[in-house]
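Take 1 as the starting number for the sequence shown in this note's numbering and just add one per residue. Working notes, structure below.
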Amino acid sequence: MLDNFIDMHVHILPGVDDGAEDIKEMEEMLKIAYSEGIRCIIATPHHHPRRGKESPEVLRKKAALLRKSAHEIDEHFRIYLGTEIFFGQDVLEKLKEGQVLTMNRRNYVLVEFSPSEPFSYIKQSLQQLMMAGYEVILAHAERYRCLTEEPELAEQLGDMGILLQINAGSITGDGGRRIRKFIRYLMEEDLVFCVGTDAHSARSRVPRMKKAAEYVKKKYGEEYVRKIFYENAKMMLRKEKK
Numbered sequence: 001m002l003d004n005f006i007d008m009h010v011h012i013l014p015g016v017d018d019g020a021e022d023i024k025e026m027e028e029m030l031k032i033a034y035s036e037g038i039r040c041i042i043a044t045p046h047h048h049p050r051r052g053k054e055s056p057e058v059l060r061k062k063a064a065l066l067r068k069s070a071h072e073i074d075e076h077f078r079i080y081l082g083t084e085i086f087f088g089q090d091v092l093e094k095l096k097e098g099q100v101l102t103m104n105r106r107n108y109v110l111v112e113f114s115p116s117e118p119f120s121y122i123k124q125s126l127q128q129l130m131m132a133g134y135e136v137i138l139a140h141a142e143r144y145r146c147l148t149e150e151p152e153l154a155e156q157l158g159d160m161g162i163l164l165q166i167n168a169g170s171i172t173g174d175g176g177r178r179i180r181k182f183i184r185y186l187m188e189e190d191l192v193f194c195v196g197t198d199a200h201s202a203r204s205r206v207p208r209m210k211k212a213a214e215y216v217k218k219k220y221g222e223e224y225v226r227k228i229f230y231e232n233a234k235m236m237l238r239k240e241k242k
């Protein structure tokens with residue numbers, strides 16, 4: 001089970017944000033992802049004041065290009081579309097009007113904040129989204145200083161029903177010792193919903209997953225790997241009940 005991952009957080013659409021610059025880089029990222037055992041991608045371009053906020057129409061066209069390239073590698077390589085949403089007071093309205101995309105048109109939303117935001121702001125903002133009926137995933141939970149300094153606050157979010165996503169590179173130490181320790185805490189408390197690469201390029205922030213999955217398998221077992229690298233993210237891919 002080290003070759004059927006879902007990467008549900010990746011900046012691979014060409015020319016829409018600070019991720020893949022062009023189709024060539026998108027194709028390179030796809031090849032790396034496939035070699036890492038990733039067989040399904042939910043592309044998550046930024047909706048952010050500075051890092052990109054393309055229209056859904058443009059994003060869907062770019063996702064179609066991505067899908068075509070993925071199928072040239074393997075006809076079973078699946079591509080879906082979502083967004084990494086930087087929270088702002090206009091986000092709920094934009095979601096309602098379809099100006100910002102949810103994950104694969106389901107009611108899941110992937111949300112980020114500035115790393116230095118206070119816990120009270122993050123919590124209240126996530127609550128607003130939950131109260132509007134969304135399943136809320138906090139992107140790269142290990143980036144927020146308030147959580148790494150007080151890990152018990154992550155448990156508070158979990159108790160509220162907030163789903164926590166972590167980056168594959170952080171599991172293997174890319175963020176340093178303190179972040180790796182925090183991630184260990186999240187795993188031991190069973191607070192991790194899913195893992196994404198949060199890849200942005202084919203050179204520096206690359207879509208790598210295998211090393212992280214091997215580490216998790218060694219420490220926590222294959223069943224846990226299946227859960228956070230595949231099964232939980234798969235919930236966003238299921239057909240909605242009519």
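The beta-carbon is built from N, C-alpha and C at its ideal position, and this holds for glycine as well.
Beta strand (DSSP E) runs contained entirely in the region 8-51, provided each spans 3 or more residues = 38-43
Would you list the one or two residues that DSSP bridges to Asn-167?
-> Gly-196
Whose CA, out of Asp-17, Tyr-220, Val-206 and Lys-210, lies closest to the CA of Asp-190?
-> Tyr-220
Given Phe-5 as reference, the closest of Ala-168, His-200, Met-103 and Phe-182 once Cα atoms are compared = Ala-168
Under the three-state DSSP convention, the category Glu-112 falls into = strand
Whole-angstrom distance between Glu-188 and Tyr-80, CA atom to CA atom | 30 Å
Could you tell me which residues DSSP puts in a beta bridge with Glu-84?
-> His-46 and Leu-110
Contact check, Arg-106 vs Met-236, beta carbons under 8 Å | yes
Does the region 162-180 come close enough to the region 191-205 to have 3 or more Cβ pairs within less than 8 Å?
-> yes
Look at the alpha carbon of Lys-68 and the alpha carbon of Val-58, and state the distance between them as a whole number of angstroms.
-> 16 Å
Glu-222 by DSSP, collapsed to three states: which one?
-> helix
Measure the alpha-carbon distance for Ile-38 versus Gln-124 and round it to whole angstroms.
-> 34 Å
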